[in-house]
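Under the numbering used here, the first residue of the sequence shown carries the number 12, and numbering increases by one thereafter.
Ideal Cβ placement from N, Cα and C applies to all residues, glycine included.
Reading through the structure tokens given below for one structure.
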Amino acid sequence: MKGLFHKAENPGTAPAYDIIGDVHGHYSELTTLLSQMDYSCSDGIWQHPRRKAIFVGDFANRGPQTPEVIQSIRAMIQNHKAYAILGNHEINMMAYFTHNKKALSLAEPSPAGKKQMEQIRAQYQGDEEQLQHDVKWLRTLPFFLSFGHLRVVHAHYNPKHIQLIAQSISEGKISKKQIKEIIKGKSEFAQAVNETTRGLELSLPPDLILKDSKNIRRTRFRIKWWVDPRGLTFRDLSFGNRFVLPDYNIPEQILPVLTPYPTSAPVVFFGHYCIGAQLNIQSPNLCCVDACVAGHGHLMAYRWDGETELMKEKLLAIPVGFS
Numbered sequence: 012m013k014g015l016f017h018k019a020e021n022p023g024t025a026p027a028y029d030i031i032g033d034v035h036g037h038y039s040e041l042t043t044l045l046s047q048m049d050y051s052c053s054d055g056i057w058q059h060p061r062r063k064a065i066f067v068g069d070f071a072n073r074g075p076q077t078p079e080v081i082q083s084i085r086a087m088i089q090n091h092k093a094y095a096i097l098g099n100h101e102i103n104m105m106a107y108f109t110h111n112k113k114a115l116s117l118a119e120p121s122p123a124g125k126k127q128m129e130q131i132r133a134q135y136q137g138d139e140e141q142l143q144h145d146v147k148w149l150r151t152l153p154f155f156l157s158f159g160h161l162r163v164v165h166a167h168y169n170p171k172h173i174q175l176i177a178q179s180i181s182e183g184k185i186s187k188k189q190i191k192e193i194i195k196g197k198s199e200f201a202q203a204v205n206e207t208t209r210g211l212e213l214s215l216p217p218d219l220i221l222k223d224s225k226n227i228r229r230t231r232f233r234i235k236w237w238v239d240p241r242g243l244t245f246r247d248l249s250f251g252n253r254f255v256l257p258d259y260n261i262p263e264q265i266l267p268v269l270t271p272y273p274t275s276a277p278v279v280f281f282g283h284y285c286i287g288a289q290l291n292i293q294s295p296n297l298c299c300v301d302a303c304v305a306g307h308g309h310l311m312a313y314r315w316d317g318e319t320e321l322m323k324e325k326l327l328a329i330p331v332g333f334s
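Laid out in structure tokens, this is it:
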């Protein structure tokens, strides 16, 4: 798929990218964040004279202004002022608003998912043509970016998955067949996309009963994909879960097979996990920029200038409602 791997744009000059976390339809917070990073809007295009923005996916859904966010990011990309990758919420949009020959959605979501999709439709205020136009554009975006010393992915970086995705999408656009394949989740390609955009989860032992704040039983939990899980507790391995896991070691029988992400490898920025604005830098070369704007938290960016060891002072967070 065109646009997955990039060479340095200006050899001999320092790279300068602002990696922006999950926006989730919060256009007001996005414009405030861009303004605070000295971007300006000219002819409807947000731009910086020396830097480019990179959006880590999940810029759609949940918030009140998904159309404005999509169209703003699209204008930036088409005018070479930004890059963006797909998250799981963009996949949901493509599956629901892309139709088959019978004019039906490629996938029927759960009742809660359908409600979210219809809320997006309502935000387009009856402009179905614009909605379809935006969804077709989403299908042209990549699932990851690599700029040599910089990698961007929505939820999980796995080199084998990245390579498989790159080989599978060769026409510069995700096909309807591939959207259906992703939603079914049975093929190697579907697994690669789903783990890349949704992360890794571990099943709990059947005799371990956990319930969240809404008294809903949880049977799986999101995990840190970049560490060696041996000797860790459920709580240590947990990442981005909204319920507390027990603080005792995970039985060897259910340990996942993970390859720790080397600290010598390129920097990886990712989103997805809604972790707030406190513990975003997970290791010298790993940073989660999803500060939970969808959960009344913050919209976050990291201002990257080529460093191989990330610094917390380069994070910028705008609280929901701040203007």
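Along the chain, where does the alpha helix (DSSP H) containing residue i start, and where does it finish?
i: M128; result: P122 to Q134
i: M104; result: N99 to F108
i: M87; result: T77 to Q89
i: Q143; result: E139 to L149
i: A328; result: Where A328 is concerned, there is no enclosing alpha helix (DSSP H), although the beta strand (DSSP E) it sits in stretches over L326 to P330.
i: S181; result: Counting along the chain, S181 falls outside any alpha helix (DSSP H), and DSSP gives it neither H nor E.
i: S294; result: Per DSSP, S294 belongs to no alpha helix (DSSP H); it is in the beta strand (DSSP E), I292 to S294.
i: A203; result: E199 to R209
i: D247; result: F245 to L248
i: E119; result: Counting along the chain, E119 falls outside any alpha helix (DSSP H), and DSSP gives it neither H nor E.
i: K195; result: K187 to K195
Assuming residue i and residue j make a contact with CB atoms under 8 Å, what is their CB distance in whole Å?
i: L213; j: P267; result: 6 Å
i: I56; j: N90; result: 5 Å
i: W236; j: L269; result: 6 Å
i: V279; j: Y135; result: The Cβ separation is near 34 Å, so there is no contact.
i: L221; j: L248; result: With 8 Å as the limit, L221 and L248 do not qualify as a contact, their Cβ atoms being about 14 Å apart.
i: C303; j: C285; result: 4 Å
i: A166; j: T208; result: 6 Å
Suppose the cutoff is 6 Å on Cβ atoms and the five residues either side in sequence are ignored; what does the same chain contact list for residue i look like?
i: G23; result: Here G23 scores only 47 on pLDDT, less than 50, and its place in the model is too uncertain to base an answer on.
i: T244; result: D258, Y259 and N260
i: K18; result: Here K18 scores only 43 on pLDDT, less than 50, and its place in the model is too uncertain to base an answer on.
i: T230; result: L215
i: E318; result: none
i: N99; result: T208 and R209
Which residues in the same chain as residue i place their Cβ atom closer than 7 Å to its Cβ, once the five residues preceding and following it in sequence are excluded?
i: L175; result: E199, F200 and A203
i: E324; result: none
i: P173; result: This sequence places Ile at residue 173; Pro is not what is there. Closer than 7 Å at Cβ, skipping near neighbours: F155.
i: G14; result: Any reading at G14 must be qualified, since the residue scores a pLDDT of 41, below 50, and its modelled position is unreliable; the value itself is stated next. Excluding positions up to five away in sequence, the list reads P153.
i: I30; result: I65, V67, V163, F280, V300, A312, Y313 and W315
i: K250; result: The sequence given here has Phe at residue 250, not Lys. R233, I234, K235 and Y284, listed in sequence order.
Find the nearest neighbour of residue i within the set the options, judged by alpha-carbon distance.
i: Q82; options: D145, L297 and L321; result: D145
i: G332; options: L310, K325 and F254; result: L310
i: P273; options: D239, N205 and K225; result: D239
i: I102; options: H307, N226 and A118; result: A118
i: P26; options: R61, Y50, P75 and R150; result: R61
i: Q76; options: F250, I131, A86 and Q58; result: I131
i: A133; options: G74, L149 and D223; result: G74
i: P262; options: K195, R241 and N291; result: R241
i: I265; options: I234, D33, M87 and Y50; result: I234
i: S224; options: G308, L211 and F254; result: F254
i: L161; options: L290, I193 and Y28; result: Y28
i: L290; options: S275, L326, A305 and K195; result: L326
i: R85; options: K147, P330 and K195; result: K147
With a CB to CB cut of under 8 Å and the five nearest residues on each side skipped, what residues in its chain are close to residue i?
i: E320; result: P295 and N296
i: K171; result: A203
Can you tell me where the beta strand (DSSP E) with residue i in it begins and where it stops?
i: L45; result: First-last for L45: Y38 to Q47, but that is the alpha helix (DSSP H), not the beta strand (DSSP E).
Measuring CB atoms only, is the stretch 60-73 touching the stretch 95-107, in the sense that at least three cross pairs come out at less than 8 Å?
yes
Segment contact, 8 Å Cβ cut-off, at least three pairs: the stretch 102-117 with the stretch 32-42
no
Should the stretch 41-55 be called in touch with the stretch 183-192, which here means at least 3 C-beta pairs below 8 Å?
no
Stretch-stretch touch, CB-based, cutoff 8 Å, three pairs: the stretch 120-127 with the stretch 138-153
no
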